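Asks: Protein chains in written order, with this note's numbering: chain V, 238 to 714; chain B, 238 to 714.
Quick one: structure below, then a few questions.
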């Protein structure tokens, strides 16, 4: 009964995917809306996922020599304007501080939408010699972009992220770092979030404001839409010229530095939800789940049940993040509550189980139940978590591959998008006019020019002229 | 020579303490100034200290049941105004966002100076029943206060902190939590930062805007000035009334919650500098030092020296955060650089040491050097770090006690402040007029009414009327 009630409370994804998403986000208590339009509150269950993402990514960054810093959240208008393309890209969507205390400011300050300008300003002060390079800085912070329409995690006015900003002596080193960080993101997503990524380069139209080139990782959601999940930019020496960041090389000559930036945000939590979730709610990959195992005692008022459950918890805690739910709700209610929250493994333990020296393990991803001996429950749980992590990635890969199509003309292209949305691999002549036309005709955008190229045809899917590149296209969040 | 040069570059603390402080902060590369007045950049050496503070405090918070969340950085003007005392306290010093993108906002948003109003707004939505209590939320974020004069770490327009906000069923529970978190702060400062704290209650004049009572921990800096290092507030049910935060109790009656908030900020890094630092720069307590041990090879170009140093590093890394400085600077230069940065232990290792199977360990806090056998260098380093941590706390306690005085009349009071600045313990009648008069006469403020009371006299130090409480007074940052 209780279970019915909670499950009924969310819309099925087949019926209305957008509503299903909103329901999961609210019912799993990941976020709440705040009194400021488009700003979300990250509740404990949502923030704990972000904390785990931070821990994992931060360790990977530091292993490549990155150091963390903290830059101010305000950027003077004049500083934002120093790089022409950059200010054009961001000025229309920033929040402006005009008053401090009771006084009007002489110069407006924008709340950072991203911090390239601040890092450039710092580098121009602290980089003098080749000995000062490379600078490999990163910061964890929130940024603000004045979006017209917002959706939890996917697009909000303020969001949490990390932004890495590096300065290098040579163009080669900068390009190498740009790709290195893209690979860090892709590996993290695959190994920890169980989300397979397409790695590639953005077209000029889609690249970051001020960048020479932007690389991206793109994931496919359950509904066949794409989600840009992390980006890494190579700025060349454009910002260095705008901000006069020069160093003296070994031959005592002045040279401009070459820069990169790369970011991943709370948006990736949207990907976790939309890649793995189902009609019972969230499904979290074990490596990122704040709670990996929940123990639900059955007939917990019977003598010995809670004691045994506590003992089992103790044992499992050596291999997993485990909680014992001994609240006074019914087991059925607890089952559906922890399913909604996406806890990978549930341990059911009742008087009869204890008598038989066993417990039931239920997988969140498949619903499958197995009975295991209490003697080696820690090992069983550990093995099961590994299996779930592995299977979730395999399923996500299968889904993505099954929803990746090829098209050689616009009829095919449009038909696929309409009937079986997913990634479309199609050739492109390299002309922005075709990109714009495809978007106008189908609402699909170029997701990336993947590193792994295929020759689908020798003609552009749009204009029929000779093709230069294979592009992944798709409708995107 | 090199050493001379770096040391000469900072002002001695006896000559000009304020300048010494600024010099250390800059030369140890903890911060840099940004292009926004009063906003500082936390550089890698500074931010790494904050990361360690976060890790330690966060674990202590979580051990008491606290959960982390993230709230928006913007507060609508109408929300800030809901609690009368609170808005009066903060409105004059907030930054206002008036434009989003190209449009003027209908309602101004302030950049959070603190987030009581946001947490209250959330609690009014999610607290319904006694089952929902307590709520023990915390967030790590930055806040903005439009200060007129700023100093690195001590007072800046934007600073990093954590703010805990809890809601409880009863007044007793709220008071208990308020004191519990004050104790968490004090224990952390003593055990990890080696800074002894005076715990006590703020007078009404000094309490937080909107609080029933504010508790504080106060530390004494090297120059005899006090630094408020962390505060914990009990709001009673004042905010609950203003924001209508009610819950249904077990008897189905509606009741108002009782709330607390508590915070510690990057300001505490200022305390670390001013309690432990010396004329060679920063002195970091081992438990908070990002680098605990630096190995400086002597004659590192000689065959075998760097190899041995790497081997020693490997061994020490099992007990401490260790780096090997194999840069091409001279050993003397490295010595003073790492002294400036406050690294607790330096290992000197040259060809002759290697021949004798030994190394020299130099303590940053005392300058003392000991020669140890390479065979058990990890144990020796580990023991030395413990000894340094212990001794630094003892020295800080001794300094504080030696600079804590008693006064029974205003002549004594003024003389102490003028000649030997420090804490002054003196009796107070409880009248705000005396507090104001003392401040006017001496610039000293009441730091706290300590939990550990003494009866210095039975008369108020200022007016001579019957005394109610002993107060710690002092000049404060």
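In this text, a Cβ means the ideal position worked out from N, Cα and C, and glycines have one as well.
Please read these numbers as outputs of a predicted model, since none were measured by experiment.
I'd like the span of the alpha helix (DSSP H) that includes residue 258 of chain V, first residue to last.
Replies: Residue numbering aside, residue 258 of chain V sits at position 21 when the first chain is read from its first letter. Note, residue 258 of chain V: alpha helix (DSSP H), 254–264.
Asks: Looking only at C-alpha atoms, which of B/447, B/401, B/634 sits nearest to residue 414 of chain B?
Replies: To locate residue 414 of chain B, count along the second chain from 1; it is residue 177. Ranking the options by Cα distance to residue 414 of chain B, first place goes to B/401.
Asks: Out of V/331, V/657, V/556, state which residue places its alpha-carbon closest to the alpha-carbon of residue 383 of chain V.
Replies: By one-based count along the first chain, residue 383 of chain V stands at place 146. Nearest option by C-alpha distance: V/331.
Asks: Quick check: the Cα distance between residue 321 of chain V and residue 605 of chain V, rounded to an integer number of angstroms?
Replies: Within the first chain, residue 321 of chain V is the residue found at index 84, counting from 1. Within the first chain, residue 605 of chain V is the residue found at index 368, counting from 1. So the alpha carbons of these two residues sit roughly 57 Å apart.
Asks: Kindly provide the ranges of any alpha helix (DSSP H) runs that are 4 or more residues long and lie completely inside the stretch 558–613 of chain B, ordered along the chain.
Replies: Whole alpha helix (DSSP H) segments, 4+ residues: 568–577, 588–592.
Asks: Does any residue of chain B bring its CB to less than 9 Å from the CB of residue 339 of chain V?
Replies: In the first chain, residue 339 of chain V corresponds to position 102, counting from 1. So yes, residue 339 of chain V belongs to the interface.
Asks: Residue 651 of chain B to residue 692 of chain B, Cα distance in whole Å?
Replies: Working through the second chain from its first residue, we reach residue 651 of chain B at position 414. Working through the second chain from its first residue, we reach residue 692 of chain B at position 455. Going by the C-alpha atoms only, they are around 20 Å apart.
Asks: Below 7 Å CB to CB, which residues in the same chain sit around residue 297 of chain V once its five sequence neighbours on both sides are set aside?
Replies: Within the first chain, residue 297 of chain V is the residue found at index 60, counting from 1. Answer for residue 297 of chain V: 421, 425, listed in chain order.
Asks: Of the residues V/405, V/675, V/337, V/386, which one's Cα is nearest the Cα of residue 370 of chain V?
Replies: Here residue 370 of chain V refers to the residue found at position 133 of the first chain. Considering only alpha carbons, the answer is V/405.
Asks: Excluding the 5 residues flanking residue 634 of chain V on each side, which residues of the same chain have their C-beta closer than 6 Å to its C-beta?
Replies: Taking the first chain and counting its residues from 1, one reaches residue 634 of chain V at position 397. Closer than 6 Å at Cβ, skipping near neighbours: 433.
Asks: For the stretch 617–628 of chain V against the stretch 541–548 of chain V, are there 3 or more C-beta pairs whose distance is under 8 Å?
Replies: Contact between the stretch 617–628 of chain V and the stretch 541–548 of chain V is absent, because fewer than three Cβ pairs lie under 8 Å.
Asks: Tell me the DSSP bridge mates of residue 703 of chain V?
Replies: Residue mapping note: residue 703 of chain V aligns to position 466 of the first chain, counting from 1. Looking at the DSSP assignment, residue 703 of chain V forms a beta bridge with V/696.
Asks: Residues of chain V with CB under 8 Å from residue 269 of chain B, in chain order?
Replies: On the second chain, residue 269 of chain B is found 32 positions in, with the first residue counted as 1. Chain V residues near residue 269 of chain B: 359, 362, 363.
Asks: Going by C-alpha to C-alpha distance, which of B/376, B/350, B/423 sits closest to residue 445 of chain B?
Replies: Counting from one through the second chain, the residue named residue 445 of chain B turns up at place 208. Of B/376, B/350, B/423, the residue nearest in Cα terms is B/350.
Asks: Report the rounded CA-to-CA distance for residue 239 of chain V versus residue 271 of chain V, giving the unit in angstroms.
Replies: Start at 1 with the first residue of the first chain, and residue 239 of chain V comes out as number 2. Start at 1 with the first residue of the first chain, and residue 271 of chain V comes out as number 34. Here residue 239 of chain V scores only 45 on pLDDT, less than 50, and its place in the model should not be relied on; the value that follows carries that caveat. Cα to Cα, the separation comes out at about 29 Å.
Asks: Ignore the nearest five residues each way along the sequence and tell me which others in residue 585 of chain B's own chain have a CB closer than 7 Å to its CB.
Replies: Here residue 585 of chain B is taken as the residue at index 348 of the second chain, counted from 1. Cβ neighbours of residue 585 of chain B beyond the five flanking positions: 533, 535, 596, 597, 599.
Asks: Do residue 452 of chain V and residue 474 of chain V have their beta-carbon atoms positioned less than 9 Å apart in this structure?
Replies: As a position in the first chain, residue 474 of chain V is number 237, starting the count at 1. As a position in the first chain, residue 452 of chain V is number 215, starting the count at 1. In this structure, residue 452 of chain V does not lie closer than 9 Å to residue 474 of chain V by Cβ.
Asks: Between the stretch 280–288 of chain B and the stretch 298–308 of chain V, do three or more beta carbon pairs fall short of 8 Å?
Replies: Contact between the stretch 280–288 of chain B and the stretch 298–308 of chain V is present, because at least three Cβ pairs lie under 8 Å.
Asks: When DSSP labels each residue in this structure, what does residue 471 of chain B get in the three-state scheme?
Replies: Stepping through the second chain from its first residue, residue 471 of chain B is reached at position 234. Strand at residue 471 of chain B.
Asks: Using a Cβ distance threshold of 8 Å, determine whether the stretch 671–679 of chain V contacts the stretch 246–254 of chain B, with at least three qualifying pairs required.
Replies: Because the criterion of three Cβ pairs below 8 Å is not met, the stretch 671–679 of chain V and the stretch 246–254 of chain B do not touch.
Asks: Specify whether the stretch 338–347 of chain B and the stretch 385–394 of chain B touch according to this definition: at least 3 beta carbon pairs, one from each stretch, less than 8 Å apart.
Replies: Not touching, per the Cβ criterion.
Asks: Determine, using beta carbons only, whether residue 458 of chain B and residue 520 of chain B come nearer to each other than 9 Å.
Replies: For the purposes of this step, residue 458 of chain B is taken as the residue at position 221 of the second chain. For the purposes of this step, residue 520 of chain B is taken as the residue at position 283 of the second chain. It is not a contact, given that the beta carbons lie outside the stated cut-off.
Asks: Answer yes or no: do residue 518 of chain B and residue 587 of chain B have a C-beta to C-beta separation smaller than 9 Å?
Replies: In the second chain, the residue the question calls residue 518 of chain B occupies position 281. In the second chain, the residue the question calls residue 587 of chain B occupies position 350. Result no, Cβ atoms of residue 518 of chain B and residue 587 of chain B do not sit closer than 9 Å.
Asks: Nearest by alpha-carbon distance to residue 574 of chain B: which of B/537, B/364, B/601 is it?
Replies: Indexing the second chain from 1 puts residue 574 of chain B at position 337. That would be B/601, whose Cα lies nearest to the Cα of residue 574 of chain B.
Asks: Along the alpha helix (DSSP H) that carries residue 656 of chain B, what are the first and last residues, could you check?
Replies: Residue numbering aside, residue 656 of chain B sits at position 419 when the second chain is read from its first letter. Element bounds for residue 656 of chain B: 647–656.
Asks: Does the beta carbon of residue 239 of chain B sit closer than 9 Å to a beta carbon anywhere in chain V?
Replies: Reading the second chain from its first residue, position 2 is the one you call residue 239 of chain B. With a pLDDT of 45 at residue 239 of chain B, under the threshold of 50, the modelled position of that residue is not reliable, and no figure is offered here.
Asks: At what residue ranges does the stretch 317–342 of chain V contain a whole run of the alpha helix (DSSP H), taking only runs of 4 or more?
Replies: Here the runs fully enclosed are 321–327.
Asks: Please look up how many angstroms separate the CB atoms of residue 582 of chain B and residue 618 of chain B, rounded, as I've assumed it's under 8 Å.
Replies: Residue 582 of chain B sits at position 345 when you count from the first residue of the second chain. Residue 618 of chain B sits at position 381 when you count from the first residue of the second chain. The pair is a contact, with the Cβ atoms about 6 Å apart (cut-off 8 Å).
Asks: Starting from residue 201 of chain B, follow the alpha helix (DSSP H) in both directions and report where the run begins and ends.
Replies: Any answer about residue 201 of chain B is impossible in this case: the structure gives chain B only from 238 up to 714.
Asks: Check the Cβ of residue 305 of chain B against every Cβ in chain V and list those closer than 8 Å, keeping chain order.
Replies: The residue you call residue 305 of chain B lines up with position 68 of the second chain. Neighbours of residue 305 of chain B on chain V, chain order: 281, 284, 285, 288.
Asks: Only counting runs of 3 or more residues, tell me where the beta strand (DSSP E) segments fall wholly within the stretch 428–500 of chain B, in order along the chain.
Replies: Segments of the beta strand (DSSP E) lying fully in the stretch 428–500 of chain B: 435–438, 450–457, 463–473, 483–485, 491–493.
Asks: Is the CB of residue 332 of chain V under 9 Å away from at least one CB in chain B?
Replies: For the purposes of this step, residue 332 of chain V is identified with residue 95 of the first chain, where counting begins at 1. Closer than 9 Å to some Cβ of chain B, the Cβ of residue 332 of chain V qualifies, so yes.
Asks: Of all the CB atoms in chain V, is at least one closer than 9 Å to the CB of residue 395 of chain B?
Replies: As a working mapping, residue 395 of chain B is identified with position 158 in the second chain. Closer than 9 Å: yes.
Asks: Any beta carbon from chain V within less than 9 Å of residue 491 of chain B's own beta carbon?
Replies: Mapped onto the second chain, residue 491 of chain B falls at position 254. Residue 491 of chain B does not count as touching chain V.
Asks: What's the C-alpha gap between residue 407 of chain V and residue 495 of chain V?
Replies: Here the question's residue 407 of chain V lines up with position 170 in the first chain. Here the question's residue 495 of chain V lines up with position 258 in the first chain. Each residue's alpha carbon lies about 6 Å from the other.
Asks: Got a sec, what are the start and stop residues for the beta strand (DSSP E) residue 686 of chain B sits in?
Replies: Position 449 of the second chain, counting from 1, holds the residue named residue 686 of chain B. Its beta strand (DSSP E) spans residues 682–687.
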